[in-house]
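In the UniProt record's numbering, the protein residues as written are 1 to 151.
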């Protein structure tokens, strides 16, 4: 656990450059562009939230949390959690767990009946962390089709 003060909040437009750097640690893709105006558009947090973790005066971790309206359980929503990344220099200090805890708290406050956590199939160390945090890897199977593959 870190000895630095940790603050988790929703991302602001002025976090774009720091978030861009974090996203590039998660995915090696030159097309990544975190735009200030996109963060501003998500500022109300109704449908989606970009959570950031500030530690030691810098943005050290982030996660995307989306809320989806369901029909199966009396209108209770469900959540999708993905793009969880902790800066390489801050890993192993409890920031990932703090982000997961905050995401769970926000989901409970909205009466979400489940959180679906998505993670790249190659991130085996992250998968072990998610399992330790109580997420099940055997309950559902996720599939993805990227725009470049749609015709």
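By construction, the Cβ of each residue, glycine as well, lies at the ideal position given by its N, Cα and C atoms.
In terms of residues, what are the limits of the beta strand (DSSP E) holding residue i?
i, result
"residue 53", "48–55"
Considering only their Cβ atoms, is the gap separating residue j from residue i smaller than 7 angstroms?
i, j, result
"residue 99", "residue 51", "yes"
"residue 66", "residue 10", "no"
"residue 125", "residue 56", "no"
"residue 61", "residue 53", "yes"
"residue 146", "residue 113", "no"
"residue 34", "residue 7", "no"
"residue 40", "residue 63", "no"
"residue 106", "residue 77", "no"
Am I right that residue i and residue j are in contact with their C-beta atoms under 8 angstroms? What's the rounded C-beta distance?
i, j, result
"residue 24", "residue 32", "6 angstroms"
"residue 164", "residue 85", "With the chain covering only 1 through 151, there is no way to say anything about residue 164."
"residue 115", "residue 103", "7 angstroms"
"residue 87", "residue 19", "Not confirmed; about 11 angstroms, so no contact."
"residue 129", "residue 94", "That belief does not hold up - the Cβ atoms of residue 129 and residue 94 are roughly 11 angstroms apart, past 8 angstroms."
"residue 26", "residue 83", "6 angstroms"
"residue 137", "residue 127", "6 angstroms"
| message | What ranges does the beta strand (DSSP E) occupy inside the UniProt domain "N-acetyltransferase" (6–151), keeping only unbroken runs of at least 3 residues that lie completely in it? | response | 6–10, 48–55, 58–68, 78–86 and 115–117
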